[in-house]
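Under full-length UniProt numbering, residues 1 to 83 are what the sequence shown spells out, in order.
Even glycine gets a Cβ: it sits at the ideal position worked out from N, Cα and C.
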Amino acid sequence: MEKNITSYTQDEFLSLVRRISIDDYPTEQEHIDAVLLFEKLTEHPDGSDLIYYPDDPADATPERIVEIVKQWRASQGLPCFKD
1 MEKNITSYTQ
11 DEFLSLVRRI
21 SIDDYPTEQE
31 HIDAVLLFEK
41 LTEHPDGSDL
51 IYYPDDPADA
61 TPERIVEIVK
71 QWRASQGLPC
81 FKD
């Protein structure tokens, strides 16, 4: 897996968030590694809480999580996806 969010398309990142959300990993360690990657890629201060403990239940979908990440990164002047 890439180590920088600009190496991902939005669809690739969405796929990562979906897999984390449904725990689509063969081992617990792979799931943990994916969550840590999500936190590293997004740099969002809420980290994995965006997935597991959203402020608003409506924000709990993978699509909404990706939008929140995009909006936050833009507000911080940080680059986002490669597409």
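Query, Result
"Rounded Cβ spacing between I5 and F81 (contact assumed at less than 8 Å)", "7 Å"
"Whether I65 touches V17 by CB criterion (9 Å)", "yes"
"Exposure of Y8, with buried meaning 16 or more beta-carbon neighbours within 10 Å", "buried"
"Whether L41 touches K3 by CB criterion (9 Å)", "yes"
"Host alpha helix (DSSP H) of D49 (start-end)", "49-52"
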